[in-house]
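S.K.: One structure, as structure tokens, below. Some questions next.
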Ligand SMILES: [Zn+2]
Ligand SMILES: [Zn+2]
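Chains as they are written, first to last, in our numbering: chain Y, 640 to 1135; chain C, 640 to 1135.
Listed below in structure tokens is the structure:
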């Protein structure tokens, strides 16, 4: 950068333009070349975007600056959002397996299946179980009495009960600021929901249907490929038989096969085997070895390994270095997709996970929220083309950031940092697929000037940074390109 | 940065250390050299800081992550805060004139003076006026009836009335999130307070006492120099006589002289003449010329020029370029201290003010909140040593950022960006001096590892980046150094 001191108006303009143009070409997506048709589509898109931002500035109701739970209806009224929903978004690379299918489906479909029982734990949480014969009473300290949902619905007001279940399975509330005063409150609720869901979604037939339903919702949102973080938790049958992780991997393969029969545009999914960052080094070492084995036996569906769970209270990646360097010691490549830097803390081992992630050779970084506080890791990951998986709504709901215009990804986008957009746990947040998160990024985080170039790069990045091999990437890109052109055609022809 | 791929544990540690140490030496303050005594003091300080952060992580009550209005009591209970209060903080470089003295003093002292009248405007706002004889009834559309405060207090419950005044003059509330749902709500309240205060503080004798009281509160907080943004608004006498800006400048000089008689350690103040960024180019051009004249006639007290008022609804610096390039055209140096980038918007003329500010050769940047979204301006201002004046509590109260660990200054500190800490409008926020803002920075923004080096650089920066000439800077530094060593002595001797 070389800027002269002001000496006359002409210099002001000249130097100013130099700075403005310089920053323009650093911005995420600015170097994307648009076709003639894309340019036409872009003009229509930007006219709508500008009008919506102008209105928001007047009404003081700008969805990205509001909590998603309060902004959701406004977002759904947005024309930009409707366009984003139709946009072929490529792949969702940061999704957790039991947060994919909407809570409504869980309540209206799953809890209405036969042999479903519930009990209330001493902490007041719902626990579920499918069983035939009925689970024994007083079977554990956890639950004193198992009640049949069918019986309970007959005896009580089923619609009131269902509403209770719906709100229990969702984090959505009208007053998020008072209900979730801090990160700990929101994390507790999050854990409680996953606990309550577990008895339902780990029942073998439900498990397969849940994944199927999840794929359906992403497919409806014009997402055609997924990479799913999975614990490969045991799955149980009605009679109590328990299946292991191997069964789960195969179940995924089966579900995808079935799904593709009726959803031709869907390109598949891959799994990122994940363990919890609260476990011992020995257990994680076992999981790493298991991941290596799965990677070897199921190279088509297994993408790599991650450590999940709340970073603020979990162990550092560094503390697992003995476990995480096992593959490299055996000269085996196990790709890592670490959650790292999903925190507001700075100068701790928590944000330090970002250093550990790149040192441990991560392929992508989950969230990377603290990345702007680590200038060398930032430069290093940009040079090495290690993208961050940005999940704005998740970060907001988990209270990492309130106004999404403040999301650190804005700064990353300003310097063209590699990234993809994902939705983490959409079902729990009342979102679906990727469109809500794309809306937040396009309208809020990427700034007013972000246009179709930004979107095109985000979407092509989701394919570029997916874990599939080069030839498959090319194929995904081709398939996406056809869909994209159809989308562009319509957007270009649109009357304002 | 050069990091090899992991090939064994030893490499993990080696490369990791390289990255960690590299980032350490980039951090704000990391290159500050500490004396033996300072090192001792630092150990004591860091032991207390660590203990307080550890406790906060356990209790989930971390003041910088909470709204200041709710965190204030917790901050005052903090030992770190008590140390920061005693720390000689040098200069406050970003302060507005009518937000210096506490609201309690305004109510308990000023509104109890004789000949004080109030009325309620059609909008329901308090308006005040000192007058003798009493102001005429129905004197303007604005106010229907002027009531004597003395009479009113006799007739009604004076303590209830005073409480009403206290809460009216302050933005503080128990429920900031519901009272101020968005930036517009909080800005409206802010403007209302300044409107209500104006009739009191622009009364000539009150004006001088207000400044005196403001200096006293900063001095009590161990701040010994101030640079005050002032509109040089007309000041009135009891009989209706009105004084102009020249009188105000002289009044400042007089107040400082008197203040120094009783407060020997106080080193003085300088004024940054400011106009509003909602006015026409012609009016601002007049103000620039006025600033040039004042600068010429009062070189000791006049520091330069700024444009104030809310950026989101104001005009861009660029739109004033005709006015702001007048000095350079006349080959006259008028230092600029522009408020710029005090916004969450990105890709607008608002955050674009940052580009304009450096192009217009700003000496310092007020807030610069959007700076992390402008990578070239960021690099340029770091190279040219143009500091940002960071006012964390102000940014939080004005709803630019909720959790202060998320303040963009954290990222700026990570790369050693030049900055000073100030408090903007402390009286309106229920703060005093600079210590509350220093607490937020030291505990929240600068991260857990920030230590006495960070504080020492922040404080010495306040002198280094002040507008005084080199010789005066050296003198300020000497005076500060004596106070600092006394502070260090006590902190080093402290028993844990
Ligand atoms: Zn995640
Ligand atoms: Zn200010």
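A virtual CB, placed ideally from N, CA and C, is assigned to each residue, including glycine.
In the DSSP output, what is residue 1063 of chain C paired with across the bridge?
M.R.: For the purposes of this step, residue 1063 of chain C is identified with residue 424 of the second chain, where counting begins at 1. For residue 1063 of chain C, which the question treats as bridged, DSSP gives the partners C:734.
S.K.: In terms of alpha-carbon separation, which member of C:1070, C:1041 and C:1028 lies closest to residue 1052 of chain C?
M.R.: Residue 1052 of chain C sits at position 413 when you count from the first residue of the second chain. For residue 1052 of chain C, the nearest C-alpha among the options comes from C:1028.
S.K.: In this structure, how does DSSP classify residue 866 of chain Y when only helix, strand and coil are distinguished?
M.R.: Here residue 866 of chain Y corresponds to residue number 227 of the first chain, with the count starting at 1. Here residue 866 of chain Y sits in strand by DSSP.
S.K.: Taking 7 angstroms as the cut-off, is the CB of residue 823 of chain Y close to at least one heavy atom of ligand 1?
M.R.: By 1-based counting over the first chain, the position of residue 823 of chain Y is 184. Every heavy atom of ligand 1 is 7 angstroms or more from the Cβ of residue 823 of chain Y, so no.
S.K.: How many Å lie between residue 719 of chain Y and residue 1131 of chain Y at the Cα?
M.R.: Here residue 719 of chain Y refers to the residue found at position 80 when the first chain is read from its first residue. Here residue 1131 of chain Y refers to the residue found at position 492 when the first chain is read from its first residue. If you take the alpha carbons of residue 719 of chain Y and residue 1131 of chain Y, they lie about 14 angstroms apart.
S.K.: Tell me residue 909 of chain Y's beta-bridge partners as DSSP assigns them.
M.R.: Counting from one through the first chain, the residue named residue 909 of chain Y turns up at place 270. Y:866.
S.K.: Is the Cβ-Cβ distance between residue 1047 of chain Y and residue 1010 of chain Y less than 8 angstroms?
M.R.: Here residue 1047 of chain Y corresponds to residue number 408 of the first chain, with the count starting at 1. Here residue 1010 of chain Y corresponds to residue number 371 of the first chain, with the count starting at 1. Yes, these two residues count as a Cβ contact at 8 angstroms.
S.K.: Just verifying my parser: in three-state terms, what is the DSSP assignment at residue 1078 of chain Y?
M.R.: Counting from 1 along the first chain, the entry for residue 1078 of chain Y is found at position 439. Helix at residue 1078 of chain Y.
S.K.: Closest to residue 914 of chain Y by C-alpha separation, out of Y:1064, Y:977 and Y:895, would be which residue?
M.R.: Numbered from its first residue, the first chain carries residue 914 of chain Y at position 275. Relative to the Cα of residue 914 of chain Y, the nearest Cα in the group Y:1064, Y:977 and Y:895 belongs to Y:977.
S.K.: Are the Cβ atoms of residue 911 of chain C and residue 942 of chain C separated by less than 8 angstroms?
M.R.: The sequence position of residue 911 of chain C within the second chain is 272, counting from 1. The sequence position of residue 942 of chain C within the second chain is 303, counting from 1. Yes.
S.K.: Any Cβ of chain Y within less than 8 angstroms of the Cβ of residue 1014 of chain C?
M.R.: On the second chain, position 375 is the one that residue 1014 of chain C refers to. Chain Y, which has a Cβ nearer than 8 angstroms to the Cβ of residue 1014 of chain C, makes this yes.
S.K.: Measuring CA to CA, which of Y:1124, Y:889 and Y:815 is closest to residue 711 of chain Y?
M.R.: Here residue 711 of chain Y refers to the residue found at position 72 of the first chain. Out of Y:1124, Y:889 and Y:815, Y:815 has the C-alpha closest to the C-alpha of residue 711 of chain Y.
S.K.: Using DSSP with H/G/I as helix, E/B as strand and the rest coil, what is residue 1020 of chain C?
M.R.: As a first step, residue 1020 of chain C must be located in the second chain, where it is residue number 381. The DSSP-derived three-state label of residue 1020 of chain C is helix.
S.K.: At 8 angstroms on the CB atoms, spell out the chain C contacts of residue 1042 of chain Y, in chain order.
M.R.: On the first chain, residue 1042 of chain Y is found 403 positions in, with the first residue counted as 1. Chain-ordered, the chain C residues with CB closer than 8 angstroms to the CB of residue 1042 of chain Y read 983, 1038, 1039, 1040 and 1041.
S.K.: Below 8 angstroms between beta carbons: does that hold for residue 1067 of chain C and residue 705 of chain C?
M.R.: For the purposes of this step, residue 1067 of chain C is identified with residue 428 of the second chain, where counting begins at 1. For the purposes of this step, residue 705 of chain C is identified with residue 66 of the second chain, where counting begins at 1. No, Cβ-Cβ distance for residue 1067 of chain C and residue 705 of chain C is not below 8 angstroms.
S.K.: Find out if the Cβ-Cβ distance for the pair residue 1095 of chain Y, residue 668 of chain Y is shorter than 8 angstroms.
M.R.: Reading the first chain from its first residue, position 456 is the one you call residue 1095 of chain Y. Reading the first chain from its first residue, position 29 is the one you call residue 668 of chain Y. It is a contact, given that the beta carbons lie within the stated cut-off.
S.K.: Where do the N-terminal and C-terminal ends of the alpha helix (DSSP H) with residue 768 of chain C fall, by residue?
M.R.: Translated into the one-based positions of the second chain, residue 768 of chain C becomes position 129. Taken as a continuous stretch (DSSP letters only), residue 768 of chain C belongs to no alpha helix (DSSP H), being part of the beta strand (DSSP E) at 765 to 769.
S.K.: Give the list of continuous alpha helix (DSSP H) stretches no shorter than 4 residues that lie fully inside the segment 898 to 971 of chain C.
M.R.: 920 to 936, 960 to 963 and 965 to 968
S.K.: Alpha helix (DSSP H) containing residue 997 of chain C: first to last residue?
M.R.: The residue you call residue 997 of chain C lines up with position 358 of the second chain. Unbroken alpha helix (DSSP H) run through residue 997 of chain C: 992 to 998.
S.K.: Determine whether the Cβ of residue 1125 of chain Y lies closer than 8 angstroms to any Cβ atom of chain C.
M.R.: Along the first chain, one-based indexing puts residue 1125 of chain Y at 486. Cβ-Cβ to chain C under 8 angstroms: no for residue 1125 of chain Y.
S.K.: From Y:796, Y:794, Y:1001 and Y:761, pick the residue whose C-alpha is nearest to that of residue 781 of chain Y; which is it?
M.R.: What you label residue 781 of chain Y is simply residue 142 of the first chain in a count that begins at 1. Of the listed residues, the one whose Cα sits closest to residue 781 of chain Y is Y:761.
S.K.: Which same chain residues, not among the five before or five after residue 874 of chain Y, have their C-beta less than 8 angstroms away from its C-beta?
M.R.: As a working note, residue 874 of chain Y is residue 235 in the first chain. Cβ within range, chain order: 841, 842, 843, 846, 881, 882, 886, 887 and 890.
S.K.: Could you have a look at residue 1117 of chain C and say whether DSSP puts it in helix, strand or coil?
M.R.: Working through the second chain from its first residue, we reach residue 1117 of chain C at position 478. Three-state DSSP puts residue 1117 of chain C in a helix.
S.K.: Closer than 8 angstroms between beta carbons: that is the criterion. Which residues of the segment 963 to 975 of chain Y meet it against chain C?
M.R.: Residues passing the 8 angstroms Cβ filter: 964, 967 and 968.
S.K.: Starting from the C-beta of residue 724 of chain C, find all residues in its chain whose C-beta is less than 6 angstroms away, skip the five residues before and the five after it, and write them out in chain order.
M.R.: As a first step, residue 724 of chain C is located in the second chain; it is residue number 85 there, counting from the start. Same-chain partners within the cutoff: 1074.
S.K.: Applying the 10 Å Cβ sphere with the 16-neighbour rule, what's the burial state of residue 1134 of chain C?
M.R.: The residue you call residue 1134 of chain C lines up with position 495 of the second chain. Looking at its Cβ environment, which holds fewer than 16 other Cβ atoms inside 10 Å, residue 1134 of chain C is exposed.
S.K.: Residue 1050 of chain Y touches chain C at which residues, Cβ-Cβ below 7 angstroms?
M.R.: Counted from its first residue, the first chain places residue 1050 of chain Y at position 411. Here the neighbours are 1011, 1012 and 1050.
S.K.: Which of the residues in the segment 823 to 848 of chain C, read from start to end, lie with their CB under 7 angstroms from any CB of chain Y?
M.R.: 823
S.K.: Between which residues of its own chain and residue 645 of chain C is the CB-CB distance below 6 angstroms, once the five residues before and five after are set aside?
M.R.: To locate residue 645 of chain C, count along the second chain from 1; it is residue 6. Confidence at residue 645 of chain C is low in this model, with a pLDDT of 46, below 50, so its placement is unreliable and no value can be given for it.
S.K.: Report the neighbours of residue 662 of chain C on chain Y: residues whose CB is nearer than 7 angstroms to its CB, in chain order.
M.R.: Taking the second chain and counting its residues from 1, one reaches residue 662 of chain C at position 23. Here the neighbours are 1013, 1014 and 1015.
S.K.: Can you pull the chain Y residues whose beta carbon is under 8 angstroms from the beta carbon of residue 1087 of chain C, in chain order?
M.R.: Your numbering for residue 1087 of chain C matches position 448 in the second chain. Proximity of chain Y to residue 1087 of chain C at the Cβ level (cut-off 8 angstroms) is accounted for by 984, 985, 986 and 987, in chain order.
S.K.: Which word fits residue 1045 of chain Y, buried or exposed, when buried means at least 16 other C-beta atoms lie within 10 angstroms of its C-beta?
M.R.: Position 406 of the first chain, counting from 1, holds the residue named residue 1045 of chain Y. Buried, because 16 or more other Cβ atoms sit within 10 Å of the Cβ of residue 1045 of chain Y.
S.K.: By DSSP's criteria, residue 787 of chain C is part of a beta bridge. Which residues make up the other side?
M.R.: Within the second chain, residue 787 of chain C is the residue found at index 148, counting from 1. DSSP lists C:756 as partners of residue 787 of chain C.
S.K.: Which residue wins for smallest C-alpha separation from residue 962 of chain Y, given the options Y:923, Y:1079, Y:861 and Y:1082?
M.R.: Walking along the first chain from the start, residue 962 of chain Y turns up at place 323. When only C-alpha atoms are compared, the closest one is Y:923.
S.K.: For residue 916 of chain C and chain Y, any beta-carbon pair shorter than 8 angstroms?
M.R.: Taking the second chain and counting its residues from 1, one reaches residue 916 of chain C at position 277. No, its Cβ sits nowhere closer than 8 angstroms to a Cβ of chain Y.
S.K.: What span of residues does the beta strand (DSSP E) with residue 1005 of chain Y cover, start to end?
M.R.: As a working note, residue 1005 of chain Y is residue 366 in the first chain. Element bounds for residue 1005 of chain Y: 1003 to 1006.
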